[in-house]
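The listed protein sequences derive, respectively, from chains A and B.
With positions in the first sequence counted from 1, the corresponding number in this note's numbering is that position plus 114.
With positions in the second sequence counted from 1, the corresponding number in this note's numbering is that position plus 499.
Note that CB positions come from ideal geometry on N, CA and C, so glycine has one too.
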Amino acid sequence: MAEPQLSVREDSVLDALEAEAIHIFRETAAAFQNPVLLYSIGKDSSVLLQLAVKAFAPAPIPMPVMHIDTTWKFKEMIEFRDRRAKELGLDLRIATNHDAIADGVTPFTHGTHEYTRLMKTVALREGLDKYGFDAAIGGARRDEERSRAKERIFSLREPGHRWDARKQRPEFWRTANTRLSEGQTMRAFPISNWTEMDVWNYIRRENIDIVDLYYSRPRPVVNRDGVWIMVDDDRLPLQEGEEPQMRSVRFRTLGCYPLSGAVESEAADIDTLITEMGQSKISERAGRLIDGEGGSSMESKKAEGYF
Amino acid sequence: MTAVAEELQVLERASDARAAVLRMVACGSVDDGKSTLIGRMLAETDSVPIDQLEYARQTRRGGSTIPVGEVDYSLLTDGLEAEREQGITIDVAYRHMDLPSGRRVIIADAPGHEQYTRNMAVAASTADVAVLLVDAHRGLRPQTYRHLTVCALMGVTSIVVAVNKMDLIGYEQATFEELAGGVRAAAARLGIEEVQAIPVSAMSGANVIGGSEVMPWYDGGSVLDALVNWQPTEATGDGPFRLPVQMISRSSGNFRGYSGTVVSGSVRVGDPVVVADSGVKAKVDRIVTPDGDRPAATSGQAITLLLDREVDVTRGDLLCLDDSDQAQPADRFSADLVWIGEEPLAHGRSYLLYVGPRVVPATITAVRHRLDVVSGRHDAARVLEMNDIGRVELATDSPIPLDEYEVCRDTGGFLLVDRVTSDTVAAGLSQHAMRRAFNVTPHDYAVDRDSRIRLKGHRPKVVWLTGLSGAGKSTVADATVAMLHSQGVHTYVLDGDNVRTGLNRDLGFTPEDRAENVRRVAEVAKLMADAGLVVIVALVSPYRSDRRAARSIFEEGEFMEVFVDTPLAVAQERDPKGLYKKAAAGNLPNMTGVGQDYEPPERADVYLDGTAEVAESAGKLSQAVIEE
């Protein structure tokens, strides 16, 4: 018979993942001329910030931090971003597609795909070009979505930030080919091998500050197609007969408030949240409205330059 | 806590982290039931979200006989197969699985038939364990050997053989034992020691997660048990200390540290370390980990090392313990390459060699052979093409402390990158350094070349006889040495055939091997000349460039090129070793004068007519030696 099972502590898994992430942070900081840390304010970004602090301590984070602001983020997110930037002394850059805003692009008028392309993908591309960043660190994880399973840790982008499947480099050992030809840039994903649960466990272990929207609180919401949408400001057009109601809800992923679905929950602190997470086994992106347009939508968004 | 106790605690925690994550490569094709096996393991360990599980209940594709409502496990990992149908690149996919013990398994799934070697090599490069599927119904197939060969090459030493589809052969023990034995024998030949064979039915679940009632004759544990019971090999924790420096960390208060990941071994505060590149030594002053200062660090940890004095260290340098296991810089290496570039390997082109954070220009100087991944045979080859694996020699522009791959994957494995496209064209596994560049400073001895000349009463010389096989080189050499010997000249003959039975028995007859053959013989002749001898070399040495290279290592006037000129027809007629006959039968493709060209000397120091009397030639040659 098999030998008795040898138990592994959750902390040990996090230690291993943390070491790998720090290695990737350092490699990106040292191998590229002008790297940037992309910061979306969400839980994954909060983990990235903590990892960046630990990777370079006692020196400060040696790269600027950029937020792609669609102007439709939750108010609380923006307040949180500015507070954290101040506390950590971050060199914060904000990229927004002002042309699209002037053209009247909103999540309600242009469809989620076109809205995402203009306000996130185009804004990101323009932000990277504006500052001449040659490498951008992001918080994508391989467990997020099926097509992410084959994403590289160092993901190459062709001129124009195009993702070309054929040009992706095979990754051996800890050695990365970080060389760029004219016009190429790199995206680096230090928490590729983390699961959503790892992120939460790490937030608890490291006592990481996250936006309060992740915890369940009474919030004004409306129900649309079975999804709770928060009425964060008066820009959300209410449909006929729709009346915001107070519900105890939390968000599993955060983005633009009209596109982020909340779940009803009693999890008002990290421990309850993790317990609740352990019981629900629905993929994370199921609550994100932008991915719902066909199986390969992530693939096509990536080809356009999305993260 | 005492210092010793704290040190132990730190090392234990790091060793727990090494054991916490297991990297596994899954080898096999959809036909072997690989998707079903992985899918079932993911599902039964609760590693799949329920919406994806629901998808696998409701969707049916391509002749599946599983009723709707039951889970078709193969669909849980089929993302890539669908992409293949759409013409999207086939690639390695990574999936996560949590074992009941709390261990995380990262599964590298390398699908596809084309580009298989490349994908397998990528997936195996970081793997601790390979799960290799064998179809019990179809038996061992060429790809089984391909998987084993690539695993062995990439350093995967622990293999779980899942003999799948036992249901199709009636759960028969004898067939299982036969297949398991076949794999064990093949693995043993490749140097893989740890092989566990498990009879499995991925479809019914037998021996995948739990045991099986249908195979009472087997009690060795399931595939999942094997992953739970795996323990990291000692080599990853107790190996020689290696810290490739990623970056220099500077902060206030004169803080200057060297940041990187310990890829092998352990280090303690106070240990003497050496910068392998320069040989500069220092002691470890502080070890800064993500959780603050610690008394020790070990393999797998990302740390910052502070030394007790200012030393010159830059990104890419390698820090080792100052002991006998430290890495030695060299600039010529023998290595296995997995060629992944679309363009084939180019001799003499300068590539960029990446090993960890280090980058150095490197040139491939010779291709030794290509490995047939199915038979394990070494085939003669001049180039390597995409998905080929082969042994090469390469030279770096400056000396680097490259470990043997067996010692450490991260400091012995490297990438070759094309300077123009920036594409990775090969993954390399260093076998051994061919020339130590550093720590080898020629020593000047009191008894030198001149004192030996005075004692012997004649000058040393290298007489290099070149010509076709059967031209009469050995015969002339023999007669010449006899004459010189009788006149009190100290001589020695280096005969091509004799040298190939020992020193050069690893070399073949490709142009690259011939170049190395000439180089080694020239170096040996140089040593002998330095010892004061007159050395007669009898070697076909068909290429001018090789002979020119040989001459270049000698002093002016010390090297004498002798052309033994015999027409090919005469040599073929003589055929003392029967080689021309074999060549005519097509058995010797590299025979000089037949399959390969002979480039006669443009201006030999001595010209000998190979059809003349031997005594006449020997007289002429010994005269030339003595006169000079």
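Buried versus exposed call for residue i [16 or more other C-beta atoms within 10 Å across all chains shown]
i: B:VAL837; result: buried
i: B:HIS868; result: buried
i: B:ILE549; result: exposed
i: B:SER657; result: buried
i: B:LYS1080; result: exposed
i: B:GLN481; result: Because chain B spans 500 through 1127 in this model, residue 481 of chain B falls outside it and cannot be assessed.
i: B:GLY709; result: exposed
i: B:ARG857; result: buried
i: A:VAL363; result: buried
i: A:ASN337; result: exposed
Identity of the residues DSSP links to residue i by a beta bridge
i: B:PHE1062; result: B:THR965, B:TYR1106
i: A:ILE182; result: A:ALA209
i: B:CYS526; result: B:LEU631
i: B:TRP838; result: B:ALA925
i: B:SER833; result: B:GLU892, B:HIS931
Under the three-state DSSP convention, the category residue i falls into
i: B:ASP949; result: helix
i: A:GLN359; result: strand
i: B:PHE740; result: coil
i: B:CYS819; result: strand
i: A:LEU270; result: strand
i: B:PHE913; result: strand
i: B:ILE605; result: strand
i: B:GLY586; result: Bear in mind that the predicted position of B:GLY586 carries a pLDDT of just 48, short of 50, making it too unreliable to give a figure here.
i: A:TRP314; result: helix
i: B:THR576; result: helix
i: B:THR625; result: coil
i: B:SER1116; result: helix
i: B:GLY995; result: helix
i: A:ALA334; result: Correcting the residue identity first, residue 334 of chain A is Pro in this sequence and not Ala. In this structure, A:PRO334 counts as strand in the three-state DSSP scheme.
i: B:ASN663; result: strand
i: A:GLU354; result: coil
i: B:TYR850; result: strand
i: B:HIS595; result: strand
i: A:LEU368; result: coil
i: A:PRO118; result: Only weak support is given to the placement of A:PRO118: the predicted model assigns it a pLDDT of 39, under 50, and the value that follows is read from those uncertain coordinates. Residue state, collapsed to three classes: coil.
i: B:TYR757; result: strand
i: B:THR990; result: strand
i: B:ALA861; result: strand
i: B:GLY752; result: coil
i: B:HIS931; result: strand
i: B:GLN1095; result: strand
i: B:GLU569; result: strand
i: B:GLY538; result: helix
7 Å Cβ cutoff, residue i in contact with chain A
i: B:ARG741; result: no
i: B:ARG594; result: yes
i: B:ASP909; result: yes
i: B:PRO789; result: yes
Below-7 Å beta-carbon distance, residue i vs any chain B residue
i: A:PHE222; result: no
i: A:ALA267; result: At residue 267 of chain A the sequence reads Ile, which differs from the Ala that was named. No, no contact with chain B.
i: A:LEU403; result: Below a pLDDT of 50, predicted positions are generally treated as unreliable, and A:LEU403, at 49, falls in that range; no measurement from the model is reported.
i: A:ARG366; result: no
i: A:ARG262; result: no
i: A:TRP314; result: no
i: A:PHE247; result: no
i: A:ASN307; result: yes
i: A:ARG319; result: no
i: A:ASP385; result: no
i: A:THR389; result: no
i: A:ALA381; result: no
i: A:ILE136; result: yes
Chain C within 7 Å of residue i, Cβ atoms only
i: B:ILE565; result: Reference to chain C is not applicable here, since the protein chains of this structure are A and B.
Entirely enclosed alpha helix (DSSP H) segments - the stretch 231-296 of chain A, minimum 4 residues: 237-245
Complete runs of the alpha helix (DSSP H) confined to the stretch 666-748 of chain B [at least 4 residues]: 672-688, 722-728, 734-737
Complete runs of the alpha helix (DSSP H) confined to the stretch 865-914 of chain B [at least 4 residues]: 908-911
Length-filtered (3 minimum) beta strand (DSSP E) runs lying within the stretch 139-185 of chain A: 149-152, 179-182
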